[in-house]
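Note that the sequence shown covers residues 24 to 112 in our numbering.
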Amino acid sequence: MPLQKALKRTGETLREAAADLLPPMRVELLSDREAVVDGCRGILEYSESCIRLCTGALTVRFTGEGLTMRNFGGLGAVVEGKIRSVDFG
24 MPLQKALKRT GETLREAAAD LLPPMRVELL SDREAVVDGC RGILEYSESC
74 IRLCTGALTV RFTGEGLTMR NFGGLGAVVE GKIRSVDFG
């Protein structure tokens, strides 16, 4: 059991160290139709009206109409559609 706890702590430490090495999150809006997100680490929510992405310490949420996502990978994503709002949390 102590070995499992030590391995878990080591894994958490490695994840934190890796997060520090990754580039920071950056959002570039192209009008209200497209957003390029750099530093994206995962998809938390995906629908036509809301896309929420994990960017490490922050999350970014896009709300709108007809939202889609393309080019997810390589720590980046592109959100397309009629973007009404962008929130950070």
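Note that beta-carbon positions come from the ideal geometry of N, C-alpha and C, so glycine has one too.
Quick check: the Cα distance between ASP55 and ILE106, rounded to an integer number of angstroms? As a first step, residue 55 must be located in the sequence shown, where it is residue number 32. As a first step, residue 106 must be located in the sequence shown, where it is residue number 83. So the two alpha carbons sit approximately 5 Å from each other.
Beta-carbon proximity list for GLY62, same chain, < 8 Å, skipping 5 on both sides: Within the sequence shown, numbered from 1, the residue matching residue 62 stands at position 39. Within the same chain, GLY62 has close Cβ partners LEU45, PRO46, PRO47, MET48, ARG49, THR78, GLY79, LEU98 and GLY99.
How many Å lie between VAL101 and LYS28 at the Cα? Translated into the one-based positions of the sequence shown, residue 101 becomes position 78. Translated into the one-based positions of the sequence shown, residue 28 becomes position 5. Spanning the two alpha carbons is a distance of roughly 38 Å.
Rounding to the nearest angstrom, what Cα-Cα distance links GLY89 and CYS73 in this structure? As a position in the sequence shown, residue 89 is number 66, starting the count at 1. As a position in the sequence shown, residue 73 is number 50, starting the count at 1. Taking C-alpha positions only, GLY89 is separated from CYS73 by approximately 9 Å.
What's the C-alpha gap between ILE66 and SER108? As a position in the sequence shown, residue 66 is number 43, starting the count at 1. As a position in the sequence shown, residue 108 is number 85, starting the count at 1. Near 17 Å, if we compare the C-alpha coordinates of SER108 and ILE66.
With GLY112 and LEU81 assumed to form a contact (beta carbons below 8 Å), what rounded beta-carbon distance in angstroms separates them? As a working mapping, residue 112 is identified with position 89 in the sequence shown. As a working mapping, residue 81 is identified with position 58 in the sequence shown. Here GLY112 really is in contact with LEU81; their C-beta atoms are around 7 Å apart, less than 8 Å.
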